[in-house]
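Undergrad:
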Ligand SMILES: Cc1ncc(COP(=O)(O)O)c(C=O)c1O
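Numbering (my numbering), first residue to last: 16 to 403.
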């Protein structure tokens, strides 16, 4: 920890220093995050400050605040500030990032069957508008290491027909599976393909020196693992695409190159940008204890799997997924809602997703998570499924 890093010991082991409800066991940080009381107070103060004088806040001070936020966020994700801008979330980030792909009738875009649903929908929409072909690779969550070879084989097959692109997630949403994205990028670039990476779960969970995967365009949320107030995400685009990209949304600086053209995206909630430096400093200090969180995540998943007769999927970082036994119910939306309802009515917020014909429970561990939380999840879910 450097001298500037904030003291974060009080953020560990309970939700006392978090805005989260202490009466609830929060095991789904991965979907919407959760913020500390320090960040909540900072963002409320920032909003009050701008509300007190909007002309000062937006017209005179915004660009300086925005530049400082970009520098801090770029540092957290191992990117150059000159390639980075801020967007509200990964949904918007991917929408912009996908523009770097070669969208033409003779183009093939290779993606996986575990792409985040909004990104998959975006690919389908773009393919319909341009005539490009989408090639979906069927993945196996148990063997993520097979992906680079699968991508290479697909590109070798379709690359004769025209330009190619690849879209891949760094952590699969439903199963928390870390995909070998460095190797996918290397295989794709060796074949002349443009690569877009969805790193929604990366900022704050992956150390800055490991976050950059060399993609053509990349996005990642800060309101998940970096505990920013919703909504804040990084968008990083390699310099070779800046001229063609345009701005995040057409606005006052459209005639400038990326990313300067995106420093104004219309009037937005100033809070997340104004507290970005506080958020990043806090996230870096928490990351210094990443190994401890990973060990807790692993142990928690094993305890839950044992209690319910499930199987822990391969994982890394602060999330793990447990495949629930078939007896847990139908692997559909009704099935997942029934399990989540059984848990939240007993004070546990959890995330269950139908995936590859099974129900998967994704368990998040953050600084506030205690072994007690995992024991309670294991106990309650074990009894719930036992009674079913
Ligand atoms: C892999 C992945 N991509 C994109 C998103 C979308 O994030 P947001 O809702 O913040 O836009 C998520 C959210 O969980 C995700 O897991």
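In this text, a Cβ means the ideal position worked out from N, Cα and C, and glycines have one as well.
As the structure is a computational prediction, the values presented were derived from the model and not from experiment.
1. Between the C-alpha atoms of residue 326 and residue 315, what's the straight-line distance to the nearest angstrom?
2. From the DSSP output, read off the bridge partner residues of residue 379.
3. Enumerate in chain order the residues of its own chain whose CB-to-CB distance from residue 16 is below 8 Å, with the five nearest sequence positions on each side excluded.
4. Could you tell me if residue 54 is buried or exposed, where buried requires 16 or more neighbouring beta carbons within 10 angstroms of its beta carbon?
5. Locate the beta strand (DSSP E) running through residue 13, then write down its first and last residues.
6. Evaluate the contact criterion for the stretch 346 to 363 versus the stretch 190 to 201: three or more CB pairs, one atom per stretch, below 8 Å.
7. Taking only runs of the beta strand (DSSP E) that begin and end inside the stretch 268 to 344, which ones reach a length of at least 3 residues, in chain order?
8. Tell me the rounded alpha-carbon separation between residue 312 and residue 247.
9. Along the chain, where does the beta strand (DSSP E) containing residue 179 start, and where does it finish?
10. Below 8 Å between beta carbons: does that hold for residue 214 and residue 240?
11. Assuming residue 72 contacts residue 64 (C-beta within less than 8 Å), just tell me the rounded distance between them.
12. In its own chain, which residues sit with a C-beta less than 7 Å from the C-beta of residue 108, not counting the 5 before and 5 after it?
13. Considering just the uninterrupted stretch of the alpha helix (DSSP H) at residue 158, what are its terminal residues?
14. Ligand 1 and residue 216: does any heavy atom of the ligand fall closer than 7 Å to the residue's C-beta?
15. On the CB-based measure, 16 or more other CB atoms within 10 Å of its CB, does residue 25 come out buried or exposed?
16. Do you know how far the Cα of residue 62 is from the Cα of residue 292?
17. Along the chain, where does the beta strand (DSSP E) that runs through residue 86 open and close?
18. Helix, strand or coil: which one does DSSP assign to residue 105?
19. Taking the alpha-carbon of residue 131 as reference, which of 330, 85, 340, 184 has the nearest alpha-carbon?
20. Taking 7 Å as the line, does the beta carbon of residue 213 fall inside it for any heavy atom of ligand 1?
21. Let me know if residue 265 comes out buried or exposed under the rule of 16 or more other beta-carbons within 10 Å of its beta-carbon.
22. Using the Cα positions of residue 224 and residue 144, report the straight-line distance between them to the nearest angstrom.
23. Using the C-alpha atoms, what's the distance from residue 297 back to residue 18?
24. Going straight from the alpha carbon of residue 272 to that of residue 126, what length do you get?
25. Are there any heavy atoms of ligand 1 lying less than 7 Å away from the beta-carbon of residue 119, as far as the coordinates show?
26. Kindly indicate the opening and closing residues of the beta strand (DSSP E) around residue 368.
27. With 8 Å as the threshold, decide whether the Cβ of residue 243 is near any Cβ in chain D.
TA: A quick look at the data gives this:
1. Straight-line Cα distance between these residues: approximately 12 Å.
2. 334
3. Residue placement at residue 16 cannot be trusted, given a pLDDT of 42 that sits under 50; what the coordinates show is reported in the next sentence. These residues qualify, in order along the chain: 300, 303.
4. buried
5. Any property of residue 13 remains undetermined from this structure, which presents the chain solely from 16 to 403.
6. no
7. 334 to 338
8. 25 Å
9. Looking at the DSSP string, the run of the beta strand (DSSP E) that includes residue 179 is 179 to 184.
10. no
11. 6 Å
12. 102, 234, 248, 250
13. Residue 158 -> no alpha helix (DSSP H), and no H or E assigned at all.
14. yes
15. exposed
16. 15 Å
17. Counting along the chain, residue 86 falls outside any beta strand (DSSP E), though it belongs to the alpha helix (DSSP H) covering 77 to 91.
18. helix
19. It is 184.
20. yes
21. exposed
22. 38 Å
23. The predicted position of residue 18 is uncertain, since its pLDDT is 46 and thus under 50; a value taken from the coordinates is nonetheless stated next. Approximately 13 Å between the Cα atoms of the pair.
24. Taking the CA atoms as reference points, residue 272 sits about 29 Å from residue 126.
25. no
26. 366 to 370
27. Among the chains in the structure shown there is no chain D, since it carries only a single protein chain.
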